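Here's the structure, in structure tokens; my notes come after.
Residue numbers (our numbering): 705 to 979.
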């Protein structure tokens, strides 16, 4: 996977690093462990999503499972979980975590390498989960494939739970509540599970349907290679997502706003097959 061109201040920092910069996609073999370390301590949406899963008994299919940020809490519910992930690097990290988990959790999890926009598992699930706003990783064609696959795999009366980033009117890029220019690139510093400190640049220009996320080490030395990871994801407001789901025969039963600050707020959608 070829990393995209990096815009904004993050792109300028890359240019300043010159040949020292080693740019990787967040989901490739080098980027996966960094993203895993960066996100492992992130508990955003976990409690809310697990609470919704608890309401519907039965087997769980987790799409875009990554390195298991949601997988382990889902297994802790006592459920059978099938974790589907396209990135080989992420799946290996998940398998490593499962190998270290108690047997009572490990024995109830099956990992599958597959594309969430086109998969066939030959069975149905009472709950299908797609967290971390990962639906925004797919283009329109990919999302259509996802919706069709979800309908094929969702058991009667089952629930499809997914999150998306809902745009805050006063925080839309390019303007604020007073009409003044709003911040196009937010910079967030975070400490990974390993203790390493990262600086994440979230670039979202006015009117853009995508945003670019780039992760640097917080401290860059005077020499030697510097690993930088990036990815571009879609901005998919909840209203548009609900409309697409309806067109695919899926009905949003409820919305559950998630706590947060900034230019967008994540929201969990609880979805069922249209009667």
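Note that beta-carbon positions come from the ideal geometry of N, C-alpha and C, so glycine has one too.
Note that the coordinates shown come from a computational prediction; the quantities given were computed from them, not determined experimentally.
Query, Result
"Where residue 783 falls, given that 16 or more other Cβ within 10 Å makes a residue buried", "buried"
"Every unbroken alpha helix (DSSP H) inside the segment 776-832 [4 residues or more]", "792-804, 807-810"
"Of the listed residues 770, 957, 763, nearest to residue 743 (C-alpha basis)", "770"
"CB contact flag (residue 888, residue 907, <8 Å)", "yes"
"Cβ-based burial, residue 923 [other Cβ within 10 Å; buried from 16]", "exposed"
"Validate contact between the segment 825-834 and the segment 756-768 using beta carbons, cut 8 Å, 3 pairs", "yes"
"Per DSSP, the bridge partner or partners of residue 968", "871"
"C-beta contact flag for residue 960 and residue 977 at 8 Å", "no"
"Beta carbon of residue 812 nearer than 8 Å to that of residue 779", "yes"
"With 16 other Cβ atoms within 10 Å as the buried cut-off, status of residue 759", "exposed"
"C-alpha gap between residue 808 and residue 761, whole angstroms", "18 Å"
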